[in-house]
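First the structure, in the form of structure tokens, and then the observations on it.
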Amino acid sequence: MFQLSKGSLKKILDGTNVTDPILQILQMKNIQNNMDGMTRYKVSLFDGETQHTFGILATQQNHLVESNQLKIGSIIKLEEYAANVLSKDPPKVVIILLNFEILGHMDPNQKQPTNQANESNFNEPSKHLQNNENIEPNKPKQPQQEKAKNFFNKKDAEVEKPSSNNPPGTFNGFKIFGISSLNPYQNKWSIKARVTNKSAIRTYSNARGEGKLFNIELIDNTGEIRANGFNEQCDKFYEMLQIDRVYHISKATLKTANKQYCKLDNDYEMTFNNETQIEPCDEADNLPHMSLNLVKLSDLTNRAANDFVDVIGVVKSVGDVTTIVTKATNRELKKRELSIVDNSGCAVTATLWGKQAEDYDAADGNPVILLKGAKVGDYNGKNLSVASTTVIQINPDIPEAHTVRGWFDQGGCDSEIQDLSNQNTMTSSNSGSANIGGHSNWKFLDQLKDEKLGMGDKADYFSTKAYVLYAKKDNSMYMACPGENCNKKVVDQNDGTYRCEKCSRNYPNFKWRMILNLNLADFADSNWATCFQETAETILDIRTDELGELKSSNSPRFDEIFTECAFKEFNFKLRAKMETYNDERRVKVSAVTVEPIDYVQSGRRMLQKIKQFAENQ
DNA sequence: CCCCCCCC
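First residue of the first sequence: 5, per the numbering used here; consecutive thereafter.
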């Protein structure tokens, strides 16, 4: 039998703190929040005497309903709750069920315990509830945070000192919660968290007026959250909040985070308000530090534009500060490009903007630079952009920094470097590194289908080294308009003239043009690709007009030309694009460039692939 | 309440 805590609901509603009341769930309703689209469970609570129809399950407990552990009739020991007064007149109080133990289950109508076979499960705290220890911020739990690295300067333990006037486990009169348990429906909380990132102050101006803001990222053992400080709060807290320091925070507004902009693993974000309290706090707590997921520069070729990556490398060269005018708003903006290299043998251009471009110390030589959260771009190859949320560290004291420093100093600086940026320019802008000219984004032919290239809205370009298996002779040549920039097909009028519909005129002559279909193959796959004129001439090793002569004269040499190219190997830059022909949609592949293979570069590229492959095993 | 991260 369960003894419900008679009278406890009345006390809770009156604002009295009640310890571990035993309550029963009488009703339960799934409500969809329009603001954040999240499911919430509204429950009716019963204490054996009165019923309160407005209880809400904290969303981190939703799984208990979804796994049918918590249901109508469940008896709970409510270990942690929040009674939020929504209005005084009429009185409206919502009780948020933050943490509880499911003691058992009783049919509300029978008022008797049921004899379900699995009832004993309910008499122990459920497995899930044990996970809710996550609410306590001091227990490292999630593997993702266990790999967090302890690299930024000080160790917590060394700066430990007694807390101010706060009783243990509280701050500003509020119990310390784990970040992952924060939600907009419960405002009596405090957290203890480490700042892992802090933006510069940014000003903005829009229809609502002018303003400024900064944001920080906070982490504890349960999760992470972004916090924003606008205007007065920006003035008040910006200097105090420092990267890698630990703070107590209470009384900030929580709202649904816009996932489009905030990549942190939290449905909510925090905004400081005029009630917000923040105090530095130096106690050792084994709070995770900033975590790094370093990416080798060679791996950037596999990253899409707008990805954010962490990289570490040596600044090989530094560009001057230049000024650009933004397209969108015609603002003048300073920028500076750094070429960064690492021991994967690759270089990439990283762009600093605004004040960061001006403040970068170019006299610093070739320091190690860490970019955490740099944005990947894919203009003429791959590049990186330093965003407002990117953390820059010069010569950080971490093992990876020493590794890349050692590599650079012991000959890496003079080795052949593949520049992933500036791929379509003949002169490498500032890196002084080897430029392999024209090609980036090397793929094997199976990747064409595997990666659904050309299936998107726009064309995909990639480079590949492939053999010509077969060059299709039929329809490979057509009679084209001899007009200067017109290559339209002409119709033989059989009166010695050739009609071009585009030019609307008859010509006394025509010129030959080529559209050559090739079956290309590498070790992985084969695919058809179309070569036009110049690229076809490279493949067949003959000028189109000469080939036309052979065709016109029915020379046996004509056929030979098409068989001689078989099993020749070239570097292709290919374009894949979806096309519709006779209601059939398929990816058409055409050659943008065809070049003989430079086997030294090709070998280097292969070595890189092998190295990359080995490292990823 | 921002959410731009730019240019070739």
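Note that CB positions come from ideal geometry on N, CA and C, so glycine has one too.
Within 8 Å, strictly: CB atoms of residue i and residue j
i	j	result
LEU375	ASP346	no
GLY381	ALA332	no
ARG185	LEU49	The question names Arg, but residue 185 in the sequence shown is Ser. Not a contact, by the Cβ cut-off of 8 Å.
THR353	GLY377	no
ALA463	ARG307	no
LEU217	PHE241	no
GLY358	LYS338	yes
ILE373	VAL319	yes
LYS577	TYR465	yes
ASN176	SER254	yes
ALA204	PHE276	no
GLN612	GLY410	no
ALA391	ASN399	no
ILE106	SER78	yes
LYS386	LEU304	yes
ALA595	VAL472	no
HIS67	ILE99	no
SER419	TRP446	no
Whole-angstrom distance between residue j and residue i, CA atom to CA atom
i	j	result
VAL313	GLN427	20 Å
ILE16	ALA87	7 Å
ASP478	ALA540	14 Å
TYR383	SER425	8 Å
ASN191	PHE181	11 Å
CYS490	LYS476	24 Å
LEU452	LYS515	34 Å
ASN113	GLN31	12 Å
SER124	ILE80	Caution applies to SER124, whose pLDDT of 33 falls short of 50 and renders its modelled position unreliable; the model cannot decide the point.
PHE58	LEU27	13 Å
GLN281	SER194	9 Å
SER295	LYS615	25 Å
ASP365	LEU388	19 Å
TYR585	CYS485	24 Å
ASP401	ASN278	38 Å
PHE527	LEU74	57 Å
ASP423	GLU341	14 Å
LYS14	GLN237	38 Å
GLU362	GLN397	16 Å
PHE448	ARG547	29 Å
ASN72	LYS46	15 Å
ARG198	THR226	12 Å
LEU544	PHE566	7 Å
GLN605	PHE412	21 Å
ASP311	VAL299	12 Å
TYR511	ASN558	24 Å
SER9	ALA62	21 Å
LEU554	GLU568	15 Å
THR597	VAL395	39 Å
Contact belief for residue i with residue j at Cβ below 8 Å, rounded distance in angstroms
i	j	result
VAL593	ALA525	Incorrect: roughly 13 Å between the Cβ atoms, too far for contact.
LEU258	TYR272	5 Å
ILE183	LEU222	6 Å
MET574	GLU538	According to the sequence as given, residue 574 is Phe; it is not Met. Between GLU538 and PHE574 the Cβ distance is about 13 Å, and since that is not below 8 Å, they are no contact.
MET481	MET518	6 Å
For residue i, the nearest candidate out of the options (CA to CA)
i	options	result
MET110	LYS267, GLY52, LYS96	GLY52
SER530	LYS581, ASN558, LYS469	LYS469
SER508	PRO600, VAL495, MET518, ARG517	VAL495
CYS417	VAL250, LYS202, SER321	SER321
LYS196	ARG212, ILE398, THR174	THR174
LYS263	ALA484, ARG249, ILE229, ALA256	ILE229
GLN64	ARG44, ASP93, ASN498, ILE402	ARG44
GLU243	THR260, ILE220, GLY227, ALA261	ILE220
ASN513	LYS506, GLN497, GLY460	GLN497
ASP24	ASN334, TYR85, ILE99	TYR85
ASP368	THR355, GLY323, ASN334	GLY323
ASN201	PHE178, TRP446, CYS266	CYS266
PHE536	GLU550, ASP549, LEU520	LEU520
ARG206	GLN360, ILE29, TRP446	GLN360
ILE328	THR355, ALA351, GLY108	THR355
GLU488	TYR474, CYS504, PRO95	CYS504
Residue i beta carbon near the ligand PLP (any heavy atom closer than 7 Å)
i	result
ARG340	Looking for the ligand PLP in the displayed structure turns up nothing, as the structure carries no ligands at all.
Practice task
With a floor of 4 residues, list each alpha helix (DSSP H) that falls wholly inside the segment 39–110, ordered by position along the chain.
Solution key: With a minimum length of 4 residues, the continuous alpha helix (DSSP H) runs that stay inside the segment 39–110 are 66–70.
Practice task
Quick one: which unbroken alpha helix (DSSP H) runs of 4-plus residues sit fully inside the segment 438–477? Chain order, please.
Solution key: 450–454
Practice task
Just list the alpha helix (DSSP H) runs in the segment 226–311, keeping only unbroken ones of 4 residues or longer that don't cross its boundaries, in chain order.
Solution key: 235–241
Exercise for the section: Starting from the N-terminal side, write out each stretch of the beta strand (DSSP E) that is 3 residues or longer and does not extend beyond the segment 382–438. Expected result: 387–389, 395–398
Exercise for the section: List in chain order: all unbroken alpha helix (DSSP H) runs of 4+ residues lying wholly within the segment 523–609. Expected result: 537–544, 548–556, 560–568
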